[in-house]
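First up is the structure itself, then whatever we jot down about it.
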Amino acid sequence: MEHPDPGPGPWHWDGSGDRLHHSALTLGLAPASNQSPVKPVLAMTTNTTSPVALSSGGAMFIPLLAIILLSVALAVGLPGNSFVVWSILVKMRKRSVTALLVLNLAVADLAVVLTAPFFLDSLARGTWIFGLAGCCLFHYVCGVSMYASVLLITAMSLDRSLAVARPFLSQKLRTKVTACWVLAGIWVASFLLATPVIRYRKVTLIQNRSLICFPKYDSEGHRAFHLLFEAITGFLLPFLAVVASYSDIRRRLQARRFRRSRRTGRLVVLIILAFAAFWLPYHVVNLAEAGRALAGKGAREGPDGERLFLARQVLIALAFLSSSVNPVLYACAGGGLLRSAGVGFVAKLLEGTGSEMASSRRGGTLGQT
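Okay, so the sequence shown: first residue is 343 according to our numbering, each after it adds one.
Listed below in structure tokens is the structure:
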């Protein structure tokens, strides 16, 4: 692997001295054309590799795709997640475990969406103007959000599995104190797991024209470690727990008396499937690149390396969009509630059943939804 210092290798300049000759890509940067100076595009992920450029149509397509996806994420995710937070905090008097998890998930998504204007600014300017502190901070926020989201989704799955397998124990454990401790643990773990972003993220001046923000690794071993660490802790282990939980639920589940409880269960499944759809391809490519790094192959070495590298950058931009999809899922899962309850449909969707609320009042527990 050549490290992200500009020089020979992927950074090959033709005789004019100001034109890119090599064809490659990173969402840390991409030129508008193969005659243009290097421009940063997007380095949202926690471990984008070294800077390269893409020639011809791809050089135009990737920045445009990044702008479109970021703009959609901002336009949908900012009002959508803000509405979810407002609905749960203002419209719900009794907040179930699921509601508290959804609230924290919306906060995590909102944090990522709020970084979008800075990446869009970088796209528009063609350079990174927010310094090393901004480089580390904004990407750290994205990393924390990714971990918080997957851990919250795992908690939702384990919560529902316990409610089905051991309903009385579940009700006993579902106190506000327990919920707060679990949520605090999730956030602390997320902040700790995302720290490699700060270790590897750097700002570099390219050809005395553009500043870019991307990871800089000391060796292929470091790159492999970061890719594997993110894939295993940010996806594989949590989703093994999710699959195990829902396999157990499927074996045990019986007909539910309350329709609203079934609706909430479908909502949790939709959230899990959406997160998997947006993030699974990204982590599959992560694992493939980690395997190549362990074999001593550079990020863009050979045709397979180029294809993986390009695919990964597109999937990074797609994963950013995952932070805006949940409010849309709530609207879809709400069904008739959207018409009957109006702006209060999220609160109605997440409310516990009457019997659950009665249990909450008697035992000081949270609703079992």
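Glycine residues also receive a C-beta, built at the ideal position from the N, C-alpha and C atoms. The model shown is predicted, which means the values in this text are computed figures rather than measured ones.
Coil, strand or helix - S552 by DSSP: Position 210 of the sequence shown holds residue 552. Strand.
Of the residues L411, F472, M498, L515, the one placed nearest A586, counting alpha carbons only: Counting from 1 along the sequence shown, the entry for residue 586 is found at position 244. Among L411, F472, M498, L515, the Cα nearest to that of A586 is on M498.
Any chain D beta carbon closer than 7 angstroms to L412: No chain D is present in this structure, which holds just one protein chain.
For K544 and V445, the rounded distance between their alpha carbons: Here residue 445 refers to the residue found at position 103 of the sequence shown. Here residue 544 refers to the residue found at position 202 of the sequence shown. It is worth fixing the name first, because residue 445 is Leu in this sequence and not Val. Those two C-alpha atoms are separated by around 33 angstroms.
Entirely enclosed beta strand (DSSP E) segments - the stretch 544 to 595, minimum 3 residues: 552 to 557
Per-residue DSSP class, three states only, for T517: Along the sequence shown, one-based indexing puts residue 517 at 175. Note: T517 maps to strand in three-state DSSP.
Where M434 sits in the DSSP three-state scheme: Numbered from its first residue, the sequence shown carries residue 434 at position 92. In the structure shown, M434 sits in coil (DSSP, three-state: anything other than H, G, I, E or B).
Beta carbon of L671 nearer than 7 angstroms to that of L612: Counted from its first residue, the sequence shown places residue 671 at position 329. Counted from its first residue, the sequence shown places residue 612 at position 270. Yes, these two residues count as a Cβ contact at 7 angstroms.
Through-space distance from P669 to I430, alpha-carbon basis: The sequence position of residue 430 within the sequence shown is 88, counting from 1. The sequence position of residue 669 within the sequence shown is 327, counting from 1. In a straight line, the C-alpha of I430 is about 13 angstroms away from that of P669.
When W428, V439, T440, L452 are compared against V418, the one with the closest alpha-carbon: Indexing the sequence shown from 1 puts residue 418 at position 76. For V418, the nearest C-alpha among the options comes from L452.
Residue closest to L406, alpha-carbon to alpha-carbon, out of F461, V439, N423: On the sequence shown, residue 406 is found 64 positions in, with the first residue counted as 1. Cα-wise, what sits closest to L406 is F461.
DSSP-derived helix/strand/coil call for A536: Indexing the sequence shown from 1 puts residue 536 at position 194. It is coil, neither helix nor strand.
Extent of the continuous alpha helix (DSSP H) to which E693 belongs: On the sequence shown, residue 693 is found 351 positions in, with the first residue counted as 1. No alpha helix (DSSP H) contains E693, which DSSP labels as neither H nor E.
Short Cβ contact (7 angstroms threshold) for I591 with S503: Mapped onto the sequence shown, residue 591 falls at position 249. Mapped onto the sequence shown, residue 503 falls at position 161. Yes.
Per-residue burial, P557 [other beta carbons within 10 Å of its own, 16 or more giving buried]: As a working mapping, residue 557 is identified with position 215 in the sequence shown. So P557 ends up on the buried side.
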